[in-house]
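Engineer: Protein chains in written order, with this note's numbering: chain A, 1 to 297; chain B, 1 to 266.
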Amino acid sequence: MPSAAPAVTTEGLGKRFGAVRALEDLSLTIGTGEVFGFLGPNGAGKTTTIRLLLGLLAPSAGRATVLGRPVTLGGAEWRGDLGYLPGEVSFWPHLSGRRTLEYLARLSRRPPVDRAALLDRLGLGAETMSRQVHTYSDGMRQKLGIVQALQCRPSVALLDEPTKGLDPLVQQEFYGIVADARGRGTTVFVSSHVLVEVERLCDRVAMLRAGRLVFAGDVEAVRRAQRRRVVAAFTGDVEVQALSHFGEIVEMSPREISMLVAQKDLAALVARLGMLPLADLVVEPPSLEEAFLEHYR
Amino acid sequence: MSVLSLLGHLWRRHRLALLWLAAGSGFFQWAITRVVPAVAQSGFVRQLFDMAPAPVRVMFGEELIASLSARGFLGFGYVHPFPLLILAVWAVRVATGALAGEVGRGTMDLVASRPVSRSAQVAAAAWAVLAGLALIAAAGWAGTAAGLRTRPLEGVAAADLLPVAAMSLLLFAAFGAIALLVSATQREGGTAVSWCAGLLAGSYVLDYLARVWSAIGFLRPLSLFRYYEPQRVLRDGLVAGDVAVLSGVGAVALAAAFAAFARRDL
């Protein structure tokens, strides 16, 4: 379970590229051992945030700390506790996979204690690892990216679009890898626009839009706060308009209605529907996707 | 520790090119010892030079023409465009590939997100440039020495050419530092290569034009090639002023590269 000590904090963090505001006034606290999801459409500022946390970019405003240490462009020692998977991962094309991992582990100055297990779980065998990286498919490169980020068991892992290019089976394995890392106390910061993935992996989530934080909270709380979609079908004609005070009507006909209803109004609606000639009733569980879309509409 | 790891990585990436460049440099200087005119031939060659147009004579060095000798001819081997090109290729290739090239490829993210300081990255690139230049320059001198061993020339010792080789190393170390500064400020290896090639070619052309066109002669000190004169080194030994200028330019450019790379966004 996450502990109270923050692994990552940002206070009023901002970044401008000339006249373009890539990130504005971002204040977040991520606890140790937490899996934190960072959501947003392309260009929302997710990658900029991660690069600011790594000290690859200098902030235009605000500050950040990672594991209690201030993030700076210089002073590289604090990065020894980090693992990073870039959104567009690139390697040296004429280096073999094995040499690539060895080189990056040497630079990390930590033993690659989890390398063998990760290679095994992601299906990167000895033959693949002995080949030069330019012969790899996109999926294999992404797997190698995941291994290099996690092989030295970092305290904080910053993963930018980690499942890009992975087939569904490998994605499932990746979810298991993140769960295991979390179990060992690793804080995982996942940037994604795959909502199902974030919903499945993360304890908390933040949403960015045009460089600004629009929401941050528990995934479960987001779901609870989200209106449910209720679809009711009737055996005869009904005055469906009369149900409008329970929520927002999305579609209606004399024999069917589709509505968005807040959780607090759900019981009353179901009780009211029970008085009508009900043929079928579907209450869809709320998803992060709906919350996401609602924030970005 | 980081610098050594980075240096090992640079060596693996560039070793084949370095071996070819060093072999090319050595072979060229050895070949020069084969074509040095013997005393009986030098009068004929002098006549050929005298008939050449003035700009051609300037390009090949007035001093060489004035003192057509085995020493002069061997010195000419160190201002020929071929060995200069070999040294330039190494300086630009490694300097631009190590910083701007890594940024452009996206591999810089993997290195810079680890406990590797930015100064370590610049230092590793600088050491790689310098070590490669030293090897290429040494290979060139070794070519001269090997040639003179099999074809001894009266009044010439291989050791006479050692200061010339050292000056060629110093000249391109200065250009390498400038290339590192360019590389430290660019986002693409190709752009950095273009800038460096332009600066090198511009410096070479400026030196040549300033020698043949007196109206712009005052601009010649702006070219680093002005401070690399093998014939003068052969005659007078190392010139302290030239050594100071090339060392100074190299040191200032390197310091600027450290400062620029430490402050930039990656």
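C-beta: ideal position from N, C-alpha, C; glycine also.
What is the rounded straight-line gap between the Cα of residue 66 of chain B and the Cα of residue 76 of chain A?
Structural biologist: As a working mapping, residue 66 of chain B is identified with position 66 in the second sequence. As a working mapping, residue 76 of chain A is identified with position 76 in the first sequence. Bear in mind that the predicted position of residue 66 of chain B carries a pLDDT of just 49, short of 50, making it too unreliable to give a figure here.
Engineer: Determine the contact status of residue 74 of chain B and residue 163 of chain B, defining contact as a CB-CB distance below 8 Å.
Structural biologist: Your numbering for residue 74 of chain B matches position 74 in the second sequence. Your numbering for residue 163 of chain B matches position 163 in the second sequence. Not closer than 8 Å, so no.
Engineer: Mind listing the chain A neighbours of residue 116 of chain B? Cutoff is C-beta to C-beta under 7 Å, in chain order.
Structural biologist: Against the second sequence, residue 116 of chain B aligns to sequence position 116. Ordered by position in chain A, the residues that pass the 7 Å Cβ test against residue 116 of chain B are 76, 107.
Engineer: Is the Cβ of residue 57 of chain B closer than 8 Å to any Cβ of chain A?
Structural biologist: The residue labelled residue 57 of chain B in the question sits at position 57 within the second sequence. With 8 Å as the cut-off, residue 57 of chain B does not count as an interface residue toward chain A.
Engineer: Closer than 8 Å, CB to CB, is residue 266 of chain B near chain A or not?
Structural biologist: Within the second sequence, residue 266 of chain B is the residue found at index 266, counting from 1. With 8 Å as the cut-off, residue 266 of chain B counts as an interface residue toward chain A.
Engineer: Could you check if residue 92 of chain A is buried or exposed, using at least 16 other CB atoms within 10 Å of its CB as the buried criterion?
Structural biologist: For the purposes of this step, residue 92 of chain A is taken as the residue at position 92 of the first sequence. Classification of residue 92 of chain A: buried, given that the 10 Å Cβ count is 16 or more.
Engineer: Does residue 256 of chain B have its Cβ less than 8 Å from a Cβ in chain A?
Structural biologist: Position 256 of the second sequence, counted from the start, is the residue given in the question as residue 256 of chain B. Taking 8 Å as the threshold, the shortest C-beta distance from residue 256 of chain B to chain A does not fall below it.
Engineer: Using the beta-carbon of each residue, which ones in chain B are nearer than 9 Å to residue 79 of chain A?
Structural biologist: By 1-based counting over the first sequence, the position of residue 79 of chain A is 79. The contacting residues are 112, 113, 114, 115, 116.
Engineer: Beta-carbon within less than 7 Å of residue 36 of chain B's beta-carbon, same chain only, minus the 5 sequence neighbours each way: which residues are those?
Structural biologist: Residue mapping note: residue 36 of chain B aligns to position 36 of the second sequence, counting from 1. Counting only Cβ-Cβ distances below 7 Å, and skipping sequence neighbours, we find 70, 73, 74, 153.
Engineer: Specify, as a first and last residue, the run of the alpha helix (DSSP H) that residue 174 of chain A falls within.
Structural biologist: Position 174 of the first sequence, counting from 1, holds the residue named residue 174 of chain A. Looking at the DSSP string, the run of the alpha helix (DSSP H) that includes residue 174 of chain A is 168-183.
Engineer: Which class does residue 10 of chain A belong to by DSSP, given the choice of helix, strand or coil?
Structural biologist: The residue you call residue 10 of chain A lines up with position 10 of the first sequence. Residue state, collapsed to three classes: strand.
Engineer: Check the Cβ-Cβ distances between residue 273 of chain A and every residue of chain B, and say whether any is below 8 Å.
Structural biologist: Here residue 273 of chain A corresponds to residue number 273 of the first sequence, with the count starting at 1. So no, residue 273 of chain A is outside the interface.
Engineer: Which residues in the same chain as residue 122 of chain B place their Cβ atom closer than 6 Å to its Cβ, once the five residues preceding and following it in sequence are excluded?
Structural biologist: Translated into the one-based positions of the second sequence, residue 122 of chain B becomes position 122. These residues qualify, in order along the chain: 257, 258, 261.
Engineer: Any C-beta of chain B sitting closer than 8 Å to the C-beta of residue 90 of chain A?
Structural biologist: The count along the first sequence starts at 1 and reaches residue 90 of chain A at position 90. Chain B, which has a Cβ nearer than 8 Å to the Cβ of residue 90 of chain A, makes this yes.
Engineer: Which residues in chain B sit within 9 Å of residue 82 of chain A, going by Cβ to Cβ distance?
Structural biologist: One-based indexing of the first sequence puts residue 82 of chain A at position 82. Those are 113, 114, 115, listed as they occur along chain B.
Engineer: Could you check whether residue 159 of chain B and residue 30 of chain B sit closer than 8 Å to each other, using their CB atoms as the reference points?
Structural biologist: By 1-based counting over the second sequence, the position of residue 30 of chain B is 30. By 1-based counting over the second sequence, the position of residue 159 of chain B is 159. No, these two residues do not count as a Cβ contact at 8 Å.
Engineer: Should residue 67 of chain A and residue 178 of chain A be called a contact, given that it needs their Cβ atoms to be closer than 8 Å?
Structural biologist: In the first sequence, counting from the first residue as 1, residue 67 of chain A sits at position 67. In the first sequence, counting from the first residue as 1, residue 178 of chain A sits at position 178. No. Outside cutoff.
Engineer: Whose C-beta lies closer than 8 Å to the C-beta of residue 366 of chain A among residues of the same chain, with five residues either side of it excluded?
Structural biologist: Given that chain A is displayed from residue 1 to residue 297, the structure contains no residue 366 of chain A and the question cannot be resolved.
Engineer: So which residues of chain A does residue 101 of chain B contact, with C-beta pairs closer than 9 Å?
Structural biologist: In the second sequence, residue 101 of chain B corresponds to position 101, counting from 1. The premise fails here: residue 101 of chain B is roughly 10 Å from chain A at the closest Cβ pair, so nothing lies under 9 Å.
Engineer: Alpha carbon to alpha carbon, how far is residue 185 of chain B from residue 265 of chain B?
Structural biologist: Reading the second sequence from its first residue, position 185 is the one you call residue 185 of chain B. Reading the second sequence from its first residue, position 265 is the one you call residue 265 of chain B. Approximately 9 Å, taken between the alpha carbons.
Engineer: With DSSP run on the structure shown, which of helix, strand or coil describes residue 237 of chain A?
Structural biologist: Taking the first sequence and counting its residues from 1, one reaches residue 237 of chain A at position 237. Coil at residue 237 of chain A, not helix or strand.
Engineer: Please report the distance separating the alpha-carbon of residue 19 of chain B from that of residue 12 of chain B.
Structural biologist: In the second sequence, residue 19 of chain B corresponds to position 19, counting from 1. In the second sequence, residue 12 of chain B corresponds to position 12, counting from 1. Our two residues, residue 19 of chain B and residue 12 of chain B, have alpha carbons roughly 12 Å apart in a direct line.
Engineer: Starting from residue 206 of chain B, trace the alpha helix (DSSP H) in both directions and tell me its first and last residue.
Structural biologist: Within the second sequence, the letter at position 206 stands for residue 206 of chain B. Looking at the DSSP string, the run of the alpha helix (DSSP H) that includes residue 206 of chain B is 189-212.
Engineer: Can you confirm whether the stretch 266-285 of chain A touches the stretch 231-251 of chain A when touching is taken to mean that 3 or more C-beta pairs between the two stretches lie within less than 8 Å?
Structural biologist: yes
Engineer: For residue 84 of chain B and residue 130 of chain A, what's the separation of their Cα atoms in angstroms?
Structural biologist: Along the second sequence, read from residue 1 onward, the residue named residue 84 of chain B stands at position 84. Along the first sequence, read from residue 1 onward, the residue named residue 130 of chain A stands at position 130. Answer to the nearest angstrom: the Cα atoms are 38 Å apart.
Engineer: Nearest chain B C-beta to residue 8 of chain A closer than 8 Å, yes or no?
Structural biologist: Residue numbering aside, residue 8 of chain A sits at position 8 when the first sequence is read from its first letter. Not one chain B Cβ lies under 8 Å of residue 8 of chain A.
Engineer: If you compare alpha carbons, which of A/71, A/74, A/64, A/211 is closest to residue 41 of chain A?
Structural biologist: Residue mapping note: residue 41 of chain A aligns to position 41 of the first sequence, counting from 1. For residue 41 of chain A, the nearest C-alpha among the options comes from A/211.
Engineer: Please give me, in chain order, every unbroken run of the alpha helix (DSSP H) with length at least 4 that falls completely inside the stretch 96-148 of chain B.
Structural biologist: 102-105, 108-112
Engineer: Can you give me the C-alpha to C-alpha distance between residue 224 of chain B and residue 57 of chain B, rounded to a whole angstrom?
Structural biologist: For the purposes of this step, residue 224 of chain B is taken as the residue at position 224 of the second sequence. For the purposes of this step, residue 57 of chain B is taken as the residue at position 57 of the second sequence. Between residue 224 of chain B and residue 57 of chain B, the C-alpha separation is close to 20 Å.
Engineer: Can you tell me where the beta strand (DSSP E) holding residue 31 of chain A begins and where it ends?
Structural biologist: Along the first sequence, one-based indexing puts residue 31 of chain A at 31. Start and end: 20-31.
Engineer: Taking all protein chains shown into account, decide if residue 216 of chain B is buried (16 or more other Cβ within 10 angstroms of its Cβ) or exposed.
Structural biologist: What you label residue 216 of chain B is simply residue 216 of the second sequence in a count that begins at 1. Result: exposed.
Engineer: Give the residues of chain A in contact with residue 123 of chain B, contact being defined as C-beta atoms less than 8 Å apart.
Structural biologist: Indexing the second sequence from 1 puts residue 123 of chain B at position 123. Chain A residues near residue 123 of chain B: none, gap ~13 Å exceeds 8 Å.
Engineer: Just checking: is the beta-carbon of residue 263 of chain B within a distance shorter than 8 Å of some beta-carbon in chain A?
Structural biologist: Numbered from its first residue, the second sequence carries residue 263 of chain B at position 263. Yes, residue 263 of chain B lies at the interface with chain A (some Cβ there is under 8 Å from its Cβ).
Engineer: DSSP on residue 261 of chain B, reduced to helix/strand/coil?
Structural biologist: Counted from its first residue, the second sequence places residue 261 of chain B at position 261. If DSSP states are grouped into helix, strand and coil, residue 261 of chain B belongs with the helices.
Engineer: In its own chain, which residues sit with a C-beta less than 7 Å from the C-beta of residue 254 of chain B, not counting the 5 before and 5 after it?
Structural biologist: One-based indexing of the second sequence puts residue 254 of chain B at position 254. Counting only Cβ-Cβ distances below 7 Å, and skipping sequence neighbours, we find 126, 177, 180.
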